[in-house]
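Q: After the structure tokens below, expect a handful of questions from me.
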Amino acid sequence: MNRMADDILEDCLERGLDLDTGLDVFLTQCARMVHAKAGFVSLRGTRGPVLTRVLGELGVDVFEAAHWSGPRKLREGRMLFCQQLTLGRLNLGGLGLVVDGNFEDGGQRVMGLVEAIGEQLDSAVLSFLALTDGRGPLERLDELDVEGTPVNRGRIGRYEVVKPLGTGGMAQVLIARTRGPEGLGRLVALKRILPHLTAQPEMVQQFLDEARIGLRLSHPNLVHVYDFGEAQGAYYMAMELVNGIDLDRLLRANKGPLEPAVVSAIVSQALLGLHAAHSLKGEDGAPMELVHRDLSPHNVMVGFDGQVKVLDFGVAKVRAQRTVTLPGIVKGKPLYMSPEQALGQKLDARSDLFAMGLVLYQALTGRRAFEREDELDTMKAICQEKLTKPPEVPAPLWNVLSVALSKDPSARFPTAHAMADRLVAVSSPARDTALAALAGRLFPERLRDSQRLETAVNHQRESPTRATPPTRSPR
1 MNRMADDILE
11 DCLERGLDLD
21 TGLDVFLTQC
31 ARMVHAKAGF
41 VSLRGTRGPV
51 LTRVLGELGV
61 DVFEAAHWSG
71 PRKLREGRML
81 FCQQLTLGRL
91 NLGGLGLVVD
101 GNFEDGGQRV
111 MGLVEAIGEQ
121 LDSAVLSFLA
131 LTDGRGPLER
141 LDELDVEGTP
151 VNRGRIGRYE
161 VVKPLGTGGM
171 AQVLIARTRG
181 PEGLGRLVAL
191 KRILPHLTAQ
201 PEMVQQFLDE
211 ARIGLRLSHP
221 NLVHVYDFGE
231 AQGAYYMAME
241 LVNGIDLDRL
251 LRANKGPLEP
261 AVVSAIVSQA
271 LLGLHAAHSL
281 KGEDGAPMEL
291 VHRDLSPHNV
301 MVGFDGQVKV
311 LDFGVAKVRA
321 QRTVTLPGIV
331 KGKPLYMSPE
341 QALGQKLDAR
351 SDLFAMGLVL
361 YQALTGRRAF
371 EREDELDTMK
381 AICQEKLTKP
391 PEVPAPLWNV
401 LSVALSKDPS
411 ARFPTAHAMA
421 DRLVAVSSPA
431 RDTALAALAG
441 RLFPERLRDS
451 QRLETAVNHQ
461 RESPTRATPP
471 TRSPR
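Going by full-length UniProt numbering, the sequence shown opens with residue 1, and the numbers climb by one from there.
Structure (structure tokens):
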């Protein structure tokens with residue numbers, strides 16, 4: 001074992017092979033050594049993961065596990081042994097091996113072996129990087145991703161995983177790309193239901209409902225769903241990748257309210273997308289009566305191109321939908337609920353307009369309208385308390401807010417389009433270029449990363465390079 005990592009990587013150098021090839025061989029040999037059923041090696045540069053190889057089915061998110069150390073119990077009598085790859089203060093990433101069985105010593109003997117494997121691997125990786133170029137190891141790791149070229153981190157269906165984007169309570173979102181007969185296709189946001197939820201029929205049905213709704217939605221201010229399917233026992237959907245930032249982060253980064261013209265542009269675009277969703281018809285030609293039910297600044301995206309898109313119809317309700325909310329169970333974020341939603345009553349599109357009114361209020365003031373110390377008090381305030389005009393909100397905009405935030409749904413705007421028209425009439429919206437400039441100024445690193453990724457994929461379309469052998473999808 002003391003020479004195994006060095007021998008494998010030296011052989012790669014002699015043959016002109018890449019580091020990822022050596023890691024595949026090393027991971028396979030280590031798994032045989034400890035009788036592991038699965039494993040991973042993930043290397044990090046200065047900005048995050050740059051090279052991840054996965055063997056077998058981990059049963060956990062590889063990008064989270066890459067930060068773990070020590071033994072961890074998994075389901076079905078398995079244990080994951082993780083080791084950080086470090087030399088002094090330098091952290092190169094993580095190694096993990098999954099072994100079946102219950103260990104009387106808590107897995108300490110196996111953990112000792114994994115630690116020894118890690119000690120050999122980190123020094124061998126450093127030697128490999130030094131021999132190939134001689135510059136700083138973390139910078140060399142960055143440059144393995146040539147000019148930002150996406151690294152293949154596994155496959156989900158016909159999509160190659162490029163990098164993780166985020167994980168929520170129900171699903172993981174990754175940046176992925178398609179590969180067709182003429183080379184690499186477009187980048188997409190791949191949303192995958194979390195593995196531990198696949199055994200819960202109601203969660204799977206909710207995910208499938210979102211996919212079916214998304215496939216029917218088509219509007220510039222809505223995120224488009226291209227495809228959905230099943231791979232490795234988990235459902236996924238491929239969606240339009242929005243290069244931008246959500247309104248919640250935009251408000252926090254701005255450290256205060258936005259200019260009225262900017263607010264008018266963002267909220268009016270979101271309302272137009274929402275109107276398209278509310279107007280959606282089924283295959284029988286009858287209105288689907290779609291209600292988002294979970295609108296908030298988190299799912300209003302401001303693109304670096306100035307386009308605004310509403311996303312996440314994960315808890316949307318439609319006419320005759322199979323997913324039924326039981327009496328007394330209220331779905332959505334309490335801070336952005338309508339009174340009828342907080343009371344568990346029947347909802348229609350006007351409930352979403354109340355939520356958009358709360359988003360409008362927060363964007364104009366920098367504060368949430370009915371926020372209290374706990375969720376119950378917040379819901380009571382939404383149902384019972386009357387708002388007074390904040391001094392910083394111009395009277396014409398306050399008139400729009402007053403209608404949108406009426407406790408009685410019948411007193412609100414009749415449609416999202418009507419609310420957008422009124423908002424634009426009282427406050428001229430900023431141009432898309434102004435929204436793009438704001439998002440780029442507040443999030444320059446995110447903008448550069450998205451440009452770098454898009455440029456790399458476009459370059460690969462024109463000049464396809466040798467593809468990395470696929471690994472199993474990270475799970």
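No residue lacks a Cβ here, since even glycine has one placed at the ideal position from N, Cα and C. All values reported here derive from a predicted model rather than from experimental measurement.
Measure the beta-carbon distance from residue 404 to residue 353 and round it to whole angstroms, keeping in mind my assumption that it falls under 8 Å.
A: Here residue 404 refers to the residue found at position 404 of the sequence shown. Here residue 353 refers to the residue found at position 353 of the sequence shown. Going by Cβ atoms, the distance from residue 404 to residue 353 rounds to 6 Å, so yes, they are a contact pair.
Q: Just list the residues that DSSP pairs residue 229 with in beta bridges.
A: Within the sequence shown, the letter at position 229 stands for residue 229. Answer is 236.
Q: At which residues does the beta strand (DSSP E) containing residue 214 begin and terminate?
A: By one-based count along the sequence shown, residue 214 stands at place 214. Residue 214 -> not in any beta strand (DSSP E); alpha helix (DSSP H) instead, spanning 201-216.
Q: When DSSP labels each residue in this structure, what does residue 19 get in the three-state scheme?
A: On the sequence shown, position 19 is the one that residue 19 refers to. In the structure shown, residue 19 sits in a helix (DSSP, three-state: H, G or I).
Q: Count the other CB atoms, across all protein chains shown, that sit within 10 Å of the CB of residue 455; report buried if there are 16 or more and exposed otherwise.
A: Start at 1 with the first residue of the sequence shown, and residue 455 comes out as number 455. Residue 455 is exposed by the Cβ-count criterion.
Q: If you compare alpha carbons, which of 416, 389, 342, 308 is closest to residue 356?
A: Within the sequence shown, numbered from 1, the residue matching residue 356 stands at position 356. Nearest of 416, 389, 342, 308 to residue 356, Cα basis: 416.
Q: With distances taken from CA atoms, which of 115, 260, 52 is nearest residue 434?
A: As a first step, residue 434 must be located in the sequence shown, where it is residue number 434. Among 115, 260, 52, the Cα nearest to that of residue 434 is on 260.
Q: Please identify the residue among 121, 72, 359, 91 whose C-alpha is closest to the C-alpha of residue 108.
A: The sequence position of residue 108 within the sequence shown is 108, counting from 1. Closest option to residue 108, Cα to Cα, is 72.
Q: Could you spell out where the beta strand (DSSP E) holding residue 380 opens and where it closes?
A: Start at 1 with the first residue of the sequence shown, and residue 380 comes out as number 380. Careful: residue 380 lies outside any beta strand (DSSP E), inside the alpha helix (DSSP H) at 375-384.
Q: Rounded to whole angstroms, what is the Cα-Cα separation between residue 205 and residue 368?
A: The residue given as residue 205 occupies position 205 in the sequence shown. The residue given as residue 368 occupies position 368 in the sequence shown. Each residue's alpha carbon lies about 32 Å from the other.
Q: Provide the residue span of the beta strand (DSSP E) that contains residue 75, from first to last.
A: To locate residue 75, count along the sequence shown from 1; it is residue 75. Run containing residue 75: none; DSSP gives neither H nor E here.
Q: Cutting at 8 Å between CB atoms, please list the residues of its own chain near residue 413, excluding the five before and the five after it.
A: Taking the first residue of the sequence shown as position 1, residue 413 is located at position 413. The residues are 350, 353, 403, 404, 419, 422.
Q: Give the single residue among 102, 114, 104, 121 whose Cα lies nearest to the Cα of residue 92.
A: As a first step, residue 92 is located in the sequence shown; it is residue number 92 there, counting from the start. Ranking 102, 114, 104, 121 by Cα distance to residue 92 puts 121 first.
Q: Threshold first: 4 residues or longer. Then list the alpha helix (DSSP H) segments lying entirely within the segment 334-415, N to C.
A: Segments of the alpha helix (DSSP H) lying fully in the segment 334-415: 339-342, 349-365, 375-384, 395-404.
Q: Just verifying my parser: in three-state terms, what is the DSSP assignment at residue 452?
A: Start at 1 with the first residue of the sequence shown, and residue 452 comes out as number 452. DSSP places residue 452 in helix when its eight states are reduced to three.
Q: Does the segment 367-383 come close enough to the segment 334-342 to have 3 or more Cβ pairs within less than 8 Å?
A: Taking 8 Å as the limit for Cβ pairs, the verdict is that the segment 334-342 does touch the segment 367-383.
Q: Can you tell me where the beta strand (DSSP E) holding residue 42 begins and where it ends?
A: In the sequence shown, counting from the first residue as 1, residue 42 sits at position 42. Note, residue 42: beta strand (DSSP E), 38-44.
Q: Are residue 312 and residue 294 closer than 9 Å when you measure CB to CB?
A: Working through the sequence shown from its first residue, we reach residue 312 at position 312. Working through the sequence shown from its first residue, we reach residue 294 at position 294. Yes, these two residues count as a Cβ contact at 9 Å.
Q: State buried or exposed for residue 210, treating a residue as buried only when at least 16 other CB atoms are found within 10 Å of its CB.
A: Against the sequence shown, residue 210 aligns to sequence position 210. Per the 10 Å Cβ criterion, buried.
Q: Tell me the rounded alpha-carbon separation between residue 376 and residue 344.
A: Residue 376 sits at position 376 when you count from the first residue of the sequence shown. Residue 344 sits at position 344 when you count from the first residue of the sequence shown. Each residue's alpha carbon lies about 13 Å from the other.
Q: Could you check how far apart the C-beta atoms of residue 251 and residue 363 are, in whole angstroms? I think they sit under 8 Å.
A: Here the question's residue 251 lines up with position 251 in the sequence shown. Here the question's residue 363 lines up with position 363 in the sequence shown. Between residue 363 and residue 251 the Cβ distance is about 7 Å, and since that is below 8 Å, they are a contact.
Q: Could you pull out every unbroken beta strand (DSSP E) segment of at least 3 residues lying fully inside the segment 235-285, listed in chain order?
A: Here the runs fully enclosed are 244-246.
Q: For the alpha helix (DSSP H) that residue 101 lies in, which residues bound it at each end?
A: Stepping through the sequence shown from its first residue, residue 101 is reached at position 101. From DSSP, residue 101 is part of no alpha helix (DSSP H); its letter is neither H nor E.
Q: Taking the beta strand (DSSP E) that residue 194 falls in, what are its first and last residues?
A: Along the sequence shown, read from residue 1 onward, the residue named residue 194 stands at position 194. Unbroken run through residue 194: none, as it is neither H nor E.
Q: Is it buried or exposed for residue 24, if we count other Cβ within 10 angstroms and need 16 for buried?
A: Within the sequence shown, the letter at position 24 stands for residue 24. Label assigned to residue 24: buried.
Q: Would you report the Cα separation of residue 366 and residue 222, rounded to the nearest angstrom?
A: For this step, residue 366 is matched to residue 366 along the sequence shown. For this step, residue 222 is matched to residue 222 along the sequence shown. The straight-line gap from Cα to Cα measures roughly 25 Å.
Q: Going by alpha carbons, who is nearest to residue 59 out of 296, 219, 307, 194?
A: Reading the sequence shown from its first residue, position 59 is the one you call residue 59. When only C-alpha atoms are compared, the closest one is 194.
Q: Give me, in chain order, the residues of the same chain whose beta-carbon lies closer than 6 Å to that of residue 207; leave out the 5 immediate sequence neighbours on both sides.
A: Residue mapping note: residue 207 aligns to position 207 of the sequence shown, counting from 1. Same-chain partners within the cutoff: 193, 235.
Q: Based on the DSSP secondary-structure assignment, which residues constitute the bridge partners of residue 28?
A: What you label residue 28 is simply residue 28 of the sequence shown in a count that begins at 1. Partner(s): none; residue 28 has no beta bridge.
Q: Alpha carbon to alpha carbon, how far is residue 441 from residue 392? Give it in angstroms, no decimals.
A: Looking up residue 392 in the sequence shown gives position 392. Looking up residue 441 in the sequence shown gives position 441. Straight-line Cα distance between these residues: approximately 24 Å.
Q: Would the segment 279-292 and the segment 239-255 be scored as touching if the rule is three or more Cβ pairs under 8 Å?
A: Verdict: no, contact absent.
Q: Please state the DSSP three-state secondary structure of residue 119.
A: Taking the sequence shown and counting its residues from 1, the one referred to as residue 119 is at position 119. If DSSP states are grouped into helix, strand and coil, residue 119 belongs with the helices.
Q: Can you tell me which of the three DSSP states residue 304 falls into?
A: What you label residue 304 is simply residue 304 of the sequence shown in a count that begins at 1. Coil at residue 304, not helix or strand.
Q: Which residues share a DSSP beta bridge with residue 57?
A: In the sequence shown, counting from the first residue as 1, residue 57 sits at position 57. BP columns for residue 57 are empty, so no partner.
Q: Looking at residue 103: is its Cβ nearer than 9 Å to the Cβ of residue 110?
A: For this step, residue 103 is matched to residue 103 along the sequence shown. For this step, residue 110 is matched to residue 110 along the sequence shown. Taking 9 Å as the Cβ cut-off, residue 103 and residue 110 qualify as a contacting pair.
Q: I'd like to check one pair, residue 27 with residue 47: are the Cβ atoms closer than 9 Å?
A: Along the sequence shown, one-based indexing puts residue 47 at 47. Along the sequence shown, one-based indexing puts residue 27 at 27. For residue 47 and residue 27, no; Cβs fall outside 9 Å.
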